[in-house]
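Read in order, the letters of the sequence shown are residues 6 to 83 in our numbering.
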Amino acid sequence: MAWSGYDKEGHEQSQVTLPKEAREKLAVSAGDFLVYELEGTSERVRKAAPFDLAWHRAISSTLEEWGSEYDQESFDDL
């Protein structure tokens, strides 16, 4: 399971203080988003990859073949 903070438009956000060694190893700084992967009583933290909105918009029109009613029905339960 993965969890991360929400966007900067007033939605829920959480703040975490990481030790300097962890910040350096993860190459994170203030404002970066982290992903927490929880398994049992263990937790793994990694830096979230940035979302490239321009790239997403550029390719969106090429992905329509995956948006048919059949596709939606087939993948609804995933």
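By construction, the Cβ of each residue, glycine as well, lies at the ideal position given by its N, Cα and C atoms.
Computed from a predicted model, the values in this text were never measured in an experiment.
Using beta-carbon positions only, say whether residue i and residue j come within less than 8 Å of one another.
{"i": "Leu39", "j": "Arg49", "result": "no"}
If you draw a straight line from the alpha carbon of residue i to that of residue j, how long is it in whole angstroms?
{"i": "His61", "j": "Val33", "result": "24 Å"}
{"i": "Ser66", "j": "Asp37", "result": "29 Å"}
{"i": "Ala146", "j": "Ser47", "result": "Any answer about residue 146 is impossible in this case: the structure gives the chain only from 6 up to 83."}
{"i": "Val21", "j": "Phe56", "result": "21 Å"}
{"i": "Lys25", "j": "Glu44", "result": "25 Å"}
{"i": "Glu69", "j": "Leu58", "result": "17 Å"}
{"i": "Lys30", "j": "Glu42", "result": "17 Å"}
- Item | 3 or more residues per run - each beta strand (DSSP E) lying fully within the stretch 32-72 | Runs of beta strand (DSSP E) with 3 or more residues, each lying fully within the stretch 32-72, are found at 39-44 and 47-52, listed in chain order.
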